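**Student:** In my numbering, the protein residues as written are 78 to 362. Even glycine gets a Cβ: it sits at the ideal position worked out from N, Cα and C. All of these numbers come straight from a predicted model, not from anything done at the bench. Just passing along the structure, written as structure tokens.
So, in structure tokens, the structure goes:
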């Protein structure tokens with residue numbers, strides 16, 4: 078690893094992280110790390126996307142602390158959590174998460190929400206939680222067997238790049254894949270993108286490219302909410318296909334589309350996501 082790949086310090090990231098209780102929970106594969114805010118009987122679990130960590134939810138999770146017990150893990154294979162044994166599967170990620178969550182939320186209803194690849198894992202986790210699950214919220218989920226929109230090729234980073242070239246590669250990749258408005262890409266977004274991609278050990282794309290979420294949703298009896306961004310580069314013109322799949326396999330499903338947002342909707346439109354998830358938690362009363 079060269080100096081060009083060493084992220085510049087980010088005070089905003091550190092300050093927000095310090096507002097959480099950081100908990101390493103022992104599981105059958107090793108520790109799973111959580112950032113935890115709030116408390117009470119109602120629990121909201123927020124799962125990040127591929128090449129991600131808890132920080133995919135950095136603009137949303139702390140603001141929900143007054144509405145419940147907010148648990149945001151680094152999923153197994155990512156960030157500071159242990160890596161599950163190979164071959165890597167959605168079940169292999171969801172199982173240790175269930176072990177950890179049941180230790181951190183021993184009683185009360187649980188809402189699980191997952192973003193992108195985290196949506197795939199959320200579906201499998203939901204099936205394991207069974208009657209503890211109050212609602213499943215899928216944010217631009219993979220794993221539905223749906224068509225993926227064509228997009229420009231992401232910029233690959235290599236050891237001969239300068240520091241500026243590495244940063245620009247992350248900037249460009251965020252523009253291509255993650256957001257609609259490049260103006261929302263600030264130093265914190267770049268820091269999150271860079272540190273996240275340095276910490277993953279599990280390749281999510283082969284799992285997301287399957288229909289594993291679609292296949293497991295028939296085991297989920299709780300109501301499902303599907304959230305999509307109006308300008309998701311992954312979804313493109315295939316939003317209706319995703320709605321049709323979810324409507325076919327879920328016992329109860331509603332949808333919300335967040336306007337003027339790209340794939341990483343929690344970053345680009347955090348207040349919209351806070352409002353939706355707050356309503357979900359309040360509906361449990």
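In whole angstroms, what separates the C-alpha of residue 217 from that of residue 260?
**Tutor:** If you take the alpha carbons of residue 217 and residue 260, they lie about 22 Å apart.
**Student:** Assign residue 281 to one of two classes, buried (16 or more other C-beta atoms within 10 Å of its C-beta) or exposed (fewer than that).
**Tutor:** Buried, because 16 or more other Cβ atoms sit within 10 Å of the Cβ of residue 281.
**Student:** Please classify residue 153: is it buried, with 16 or more other beta-carbons within 10 angstroms of its beta-carbon, or exposed?
**Tutor:** Under this definition residue 153 is a buried residue.
**Student:** Applying the 10 Å Cβ sphere with the 16-neighbour rule, what's the burial state of residue 342?
**Tutor:** So residue 342 ends up on the buried side.
**Student:** Under three-state DSSP, which class holds residue 194?
**Tutor:** Three-state result, residue 194: helix.
**Student:** State the DSSP-derived secondary structure class of residue 72, mapped to helix, strand or coil.
**Tutor:** Lying before the first or after the last residue shown, residue 72 is absent from the chain, which here runs from 78 to 362.
**Student:** Which of the three DSSP states is assigned to residue 331 in this structure?
**Tutor:** Three-state result, residue 331: strand.
**Student:** My output table needs one value for residue 188: the three-state DSSP class, helix, strand or coil.
**Tutor:** Strand at residue 188.
**Student:** In chain order, which continuous runs of the alpha helix (DSSP H) of length 4 or greater are located wholly inside the segment 270-345?
**Tutor:** Counting whole runs of 4 or more residues, the segment 270-345 contains the alpha helix (DSSP H) stretches 282-285, 289-293, 316-326 and 342-345.
**Student:** If you drop the 5 nearest sequence neighbours on each side, which residues of the same chain put their C-beta closer than 7 Å to that of residue 168?
**Tutor:** Excluding sequence neighbours, residue 168 sits near 201.
**Student:** Under 7 Å, do residue 87 and residue 251 count as touching if we go by C-beta distance?
**Tutor:** The answer is no: Cβ separation not under 7 Å.
**Student:** Just list the beta strand (DSSP E) runs in the segment 198-254, keeping only unbroken ones of 3 residues or longer that don't cross its boundaries, in chain order.
**Tutor:** Runs of the beta strand (DSSP E) inside the segment 198-254: 210-216.
**Student:** Taking 6 Å as the cut-off, does the CB of residue 270 come closer than this to any heavy atom belonging to the ligand COA?
**Tutor:** The ligand COA is absent from the structure shown, which contains no ligand whatsoever.
**Student:** Between residue 262 and residue 248, what straight-line distance do the alpha-carbon atoms span, to the nearest angstrom?
**Tutor:** Taking the straight line joining both Cα atoms gives about 7 Å.
**Student:** Check residue 149 in the structure and name its three-state DSSP category.
**Tutor:** Here residue 149 sits in strand by DSSP.
**Student:** When the Cα of residue 177 is compared with those of 101, 254 and 140, which residue comes out closest?
**Tutor:** The shortest Cα separation from residue 177 among 101, 254 and 140 belongs to 101.
**Student:** By a C-beta neighbour count over all protein chains shown, 10 Å radius and 16 as the cutoff for buried, is residue 191 buried or exposed?
**Tutor:** Residue 191 is buried by the Cβ-count criterion.
**Student:** Going by DSSP, which residues form a beta bridge with residue 112?
**Tutor:** The partner list for residue 112 (beta bridge, DSSP) reads 99 and 149.
**Student:** Let me check understanding here. Comparing Cα to Cα, which of 223, 155 and 145 lies closest to residue 318?
**Tutor:** Answer by Cα proximity: 223.
**Student:** Please report the residue range of the alpha helix (DSSP H) in which residue 106 lies.
**Tutor:** Taken as a continuous stretch (DSSP letters only), residue 106 belongs to no alpha helix (DSSP H), as it is neither H nor E.
**Student:** When the distance is taken between beta carbons, is residue 140 closer than 7 Å to residue 109?
**Tutor:** Cβ distance not < 7 Å, so residue 109 and residue 140 don't count as in contact.
**Student:** Tell me whether residue 162 sits in a helix, a strand or coil according to DSSP, three-state version.
**Tutor:** Reduced to three states, the DSSP call for residue 162 is coil.
**Student:** Leaving out the 5 sequence neighbours to the left and right, which residues in its chain are closer than 8 Å to residue 79 when beta-carbon positions are compared?
**Tutor:** Note that residue 79 scores a pLDDT of 49, beneath 50, so its modelled location is shaky; the value from the coordinates is reported in the next line. Once the five neighbours on either side are set aside, the close Cβ partners of residue 79 are 236.
**Student:** Following the continuous alpha helix (DSSP H) through residue 356, name the residue where it begins and the one where it ends.
**Tutor:** First-last of the alpha helix (DSSP H) with residue 356: 347-359.
**Student:** Any contact between the segment 293-313 and the segment 194-210? By contact I mean 3 or more CB pairs, one from each, below 8 Å.
**Tutor:** Yes, the segment 293-313 is in contact with the segment 194-210.
**Student:** Is the beta carbon of residue 220 closer than 7 Å to that of residue 290?
**Tutor:** Result yes, Cβ atoms of residue 290 and residue 220 sit closer than 7 Å.
**Student:** Our contact map puts residue 215 next to residue 304 with C-beta atoms below 8 Å; I'd like the distance itself, whole angstroms only.
**Tutor:** Indeed, because the Cβ distance is near 7 Å, the residues count as touching under 8 Å.
**Student:** With distances taken from CA atoms, which of 239, 116 and 193 is nearest residue 183?
**Tutor:** Answer by Cα proximity: 116.
**Student:** Closest to residue 187 by CA distance: which of 194, 199 and 193 is it?
**Tutor:** Answer by Cα proximity: 199.
**Student:** For the putative contact between residue 145 and residue 302, defined by C-beta atoms under 8 Å, what is the C-beta separation to the nearest angstrom?
**Tutor:** With a Cβ gap of about 16 Å, residue 145 and residue 302 do not count as contacting.
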